[in-house]
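Engineer: The structure is given below, and queries will be raised subsequently.
There are 2 protein chains.
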Amino acid sequence: MARPRQFDEETVLHAVCEQFWDAGYAGTSLQDLMRVSGLGKGSLYAAFGDKHELFLRALRRYTDAVDRGVRRTVESAPRAVEALRAFVVSPVGDPDGAAARRGCLLANTTTELAATDPVVAEEARRTYAGITQVLAQAVARAQEEGDVPASADPEETARALLAAQQGVTYLGRTGMDVRTLEATARSLADRLLPV
Amino acid sequence: MARPRQFDEETVLHAVCEQFWDAGYAGTSLQDLMRVSGLGKGSLYAAFGDKHELFLRALRRYTDAVDRGVRRTVESAPRAVEALRAFVVSPVGDPDGAAARRGCLLANTTTELAATDPVVAEEARRTYAGITQVLAQAVARAQEEGDVPASADPEETARALLAAQQGVTYLGRTGMDVRTLEATARSLADRLLPV
DNA sequence: GACGTGCTGTACCGAGCGGTCAACAAAGGC
DNA sequence: GCCTTTGTTGACCGCTCGGTACAGCACGTC
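Line order of the protein sequences matches chains A and B.
Here my numbering is used: the first residue of the first sequence is 1, the next is one more, and so on.
Here my numbering is used: the first residue of the second sequence is 196, the next is one more, and so on.
What follows is the structure, encoded as C-alpha cells:
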C-alpha cells in the first residue's frame, strides 16, 4: 500500500469554500488556498485538480448544503407559510450584519463568473430550480393549511419569493443597515404571502 | 500651449464602462482597457489615474445615468404606478436575454468588491438611497392617483420594489429563461402593487 | 520657425500569478 | 528489509499583472 493522506477532504473543502466566499474567485490566489487549507500546491493539485475544479467542488458542496437547509426548514416548520417567511428573511442573518454583508457564496460567484463560466451558470440554475420546486410544494401545503389564498399559482409564488430573497441578499451585500434590511424582508414576505 | 488630447473623455469612459461591465473589475486588465479605449498606458494614467480610480470614474458615470433614467421614467409616466411596474420589469431587457444575462454594472461590481472596497459599497448605498427616494415619491403620487392603496407606506413600498427589482436582475444574470424571468417580474409587480 | 508644454507610445520593472516537476517521505505487501 | 505506491514538499517555470520612466512628438505661442 501507499502513504495515506494527511488531511480530511471535507475539512479542506470547507476552508476553501470560506476563502472563495470572502474573496471571490479571482480574488483568491493559490497562496490563499494553500494557507487556509494547510496543504502544499502539489497536494491540492493531486487531490482536487486545478483552481477551477477545486472551486467547483467547494461550490457544489455549498449548494448541496443550501438545498438541504431549505428542505429541512420546510419539513420541520409546523406551518409551511412560516418556512416561506423565514426563507425570505434568511439573508438578514445576525443582528450586526456581518452575515448579510457576506451574502451568499453562490450568488456572489454567479454574479462574478456566470457570464464567462457556463458550468457555474448551470450550477446556479440547477440549484435555484431545486429550491423553487421545494418552495412551490411549501406554497401548496400553505394553501391546504389555509395560510395562502388558493387562487395563487404555487410555482409562480415560489419564484417571486426566490427573487425577493435574492434581492434581500443583494441589498445586504451593499451594507444596508440591518434593521432597514430586515424591515424590507418582512415587508416583502407580508406582501407576497398575504394573510 | 501644449499638445491637445486626441481622445474624448466621455467616449473613453463609456468604452471602459462596457469593459468592466462585461468582465468585472478583477477580470479586466490594463491591456483590456488600452484595447477598448484605444489609448496607451501613459495616456490612461495621466488622464484618469490608476486602474481603481478609472473604474470609479466609469462607475459614477454609470450610476449617474441609472439615477437619471429612473427619474426620467417616473417623470414621464402618465401614471406613477406604470413607472413603478416598469422599474421592476426593467432588468428583463431584450427578448433574447442578453441584457438580462449582463445584469447591472453597479450590482455586478458591488457584489464583487463591496466586502473589500468601502468606496464602492458607499457608492452603491448612495445610489440606492437616491432611487428609493424617487420610487417613494412615485408611490405617493400613485396613491394620489388612486392606483396604490393609501394604507401603504411609500418608503417601505419603495424598498420592497427595489429589492424585487434587484432579485430579478440577479435571476437574469443566472441565465434564467427570459419568459420565466419576465413572468416572475410581472408577478412581483402585481403583488407589490395591488390594484 | 524656434520654443516649451503636455500628450503619446514603448520599453522596462518587480511582483505575483497559476501550474509543473522531480526528489523525498511514509505506509503495507512480500 | 526491500519494493511499490501514493502523498508531500518546495524549487522552479513562463507569463501576465499593475505601474513607472523616458524619449519623442505635435501643437499653440510668441
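Ideal Cβ placement from N, Cα and C applies to all residues, glycine included.
Output the distance between the C-alpha atoms of B/Glu270 and B/Gln328, rounded to the nearest integer angstrom.
Structural biologist: Using only the alpha carbons, I get a separation of about 13 Å.
Engineer: I'd like the span of the alpha helix (DSSP H) that includes B/Pro286, first residue to last.
Structural biologist: Per DSSP, B/Pro286 belongs to no alpha helix (DSSP H) and is neither H nor E.
Engineer: Taking contact to mean at least 3 C-beta pairs separated by less than 8 Å, is the stretch 148-167 of chain A in contact with the stretch 84-103 of chain A?
Structural biologist: Contact holds: three or more Cβ-Cβ distances are below 8 Å.
Engineer: What's the C-alpha gap between A/Val137 and A/Arg35?
Structural biologist: Val is not the amino acid found at residue 137 of chain A; the sequence shown has Gln there. Roughly 43 Å between the two C-alpha positions.
Engineer: Given that a residue counts as buried once 16 or more other Cβ atoms are within 10 Å of its Cβ, and exposed if not, what is A/Gly146?
Structural biologist: That one is exposed.
Engineer: Counting only the same chain and skipping the five closest in sequence on each side, list residues whose C-beta sits under 8 Å from that of B/Arg274.
Structural biologist: Ala337, Glu340, Asp342, listed in sequence order.
Engineer: Determine, using beta-carbon pairs with one atom in the stretch 178-185 of chain A and one in the stretch 362-378 of chain B, whether at least three such pairs fall under 8 Å.
Structural biologist: Contact between the stretch 178-185 of chain A and the stretch 362-378 of chain B is absent, because fewer than three Cβ pairs lie under 8 Å.
Engineer: Chain A partners of B/Thr369, CB-CB under 7 Å?
Structural biologist: By Cβ distance, chain A contributes Thr110, Ala114, Ala121, Ala124, Arg125, Tyr128.
Engineer: Would A/Thr127 pass as a contact of A/Leu106 if the rule is Cβ separation under 8 Å?
Structural biologist: The answer is yes: Cβ separation under 8 Å.
Engineer: Distance check for A/Asp50 and A/Val81, CA to CA, integer angstroms please.
Structural biologist: Taking the straight line from one Cα to the other gives about 43 Å.
Engineer: Can you give the Cα-Cα distance for B/Tyr240 and A/Ala83, rounded to whole angstroms?
Structural biologist: Their Cα atoms are separated by approximately 53 Å.
Engineer: Using 8 Å as the threshold, is the C-beta distance between A/Leu56 and A/Val16 below it?
Structural biologist: Not closer than 8 Å, so no.
Engineer: Which first and last residues belong to the alpha helix (DSSP H) in which B/Cys299 is found?
Structural biologist: Premise fails: B/Cys299 is in no alpha helix (DSSP H) and is neither H nor E.
Engineer: From B/Ser238, B/Arg200, B/Val334, pick the residue whose C-alpha is nearest to that of B/Ala272; which is it?
Structural biologist: For B/Ala272, the nearest C-alpha among the options comes from B/Val334.
Engineer: How long is the line joining the alpha carbons of A/Lys41 and A/His52, rounded to whole angstroms?
Structural biologist: Each residue's Cα considered, the two are about 14 Å apart.
Engineer: Hey, would you say A/Leu135 sits closer than 8 Å to A/Leu162, going by beta carbons?
Structural biologist: For A/Leu135 and A/Leu162, yes; Cβs fall inside 8 Å.
Engineer: What is the DSSP secondary structure of A/Leu161, reduced to helix, strand or coil?
Structural biologist: A/Leu161: helix per DSSP, three-state reduction.
Engineer: Grouping DSSP H, G and I as helix and E and B as strand, with all else coil, what is B/Glu350?
Structural biologist: Here B/Glu350 sits in helix by DSSP.
Engineer: What are the boundary residues of the alpha helix (DSSP H) that includes B/Tyr323?
Structural biologist: Taken as a continuous stretch (DSSP letters only), the alpha helix (DSSP H) holding B/Tyr323 covers 313-339.
Engineer: If I'm right that B/Thr304 touches B/Val315 with Cβ under 8 Å, what's the distance once you round it to whole angstroms?
Structural biologist: About 6 Å separates the two Cβ atoms, so the contact holds.
Engineer: A/Tyr62 lies in the alpha helix (DSSP H); which residues open and close that run?
Structural biologist: First-last of the alpha helix (DSSP H) with A/Tyr62: 51-76.
Engineer: I'd like to know whether the C-beta of A/Tyr62 is nearer than 8 Å to at least one C-beta of chain B.
Structural biologist: Chain B contact via Cβ: absent.
Engineer: Against chain B, with Cβ distances strictly below 8 Å, would A/Asp22 count as a contact?
Structural biologist: By this cut-off, A/Asp22 is an interface position.
Engineer: Does B/Ser224 pass the burial test, meaning 16 or more other C-beta atoms within 10 Å, or should it be called exposed?
Structural biologist: Per the 10 Å Cβ criterion, exposed.
Engineer: What did DSSP end up calling B/Asp217 once you bin it into helix, strand or coil?
Structural biologist: Correct three-state label for B/Asp217: helix.
Engineer: What's the C-alpha gap between A/Ala23 and A/Gln6?
Structural biologist: Taking the straight line from one Cα to the other gives about 27 Å.
Engineer: Along the alpha helix (DSSP H) that carries B/Gln201, what are the first and last residues, could you check?
Structural biologist: Premise fails: B/Gln201 is in no alpha helix (DSSP H) and is neither H nor E.
Engineer: Could you have a look at A/Val148 and say whether DSSP puts it in helix, strand or coil?
Structural biologist: In the structure shown, A/Val148 sits in coil (DSSP, three-state: anything other than H, G, I, E or B).
Engineer: Ignore the nearest five residues each way along the sequence and tell me which others in B/Tyr257's own chain have a CB closer than 7 Å to its CB.
Structural biologist: Excluding residues within five positions, the ones whose Cβ falls inside 7 Å are Cys212, Leu300, Leu301.
Engineer: Is the beta carbon of A/Gly27 closer than 8 Å to that of B/Arg221?
Structural biologist: With the sequence shown as reference, residue 221 of chain B is identified as Ala, and Arg is not the correct amino acid for it. Contact: yes.
Engineer: Pull up the distance between the alpha-carbon of A/Ala65 and that of A/Ala100, whole angstroms please.
Structural biologist: Between A/Ala65 and A/Ala100, the C-alpha separation is close to 18 Å.
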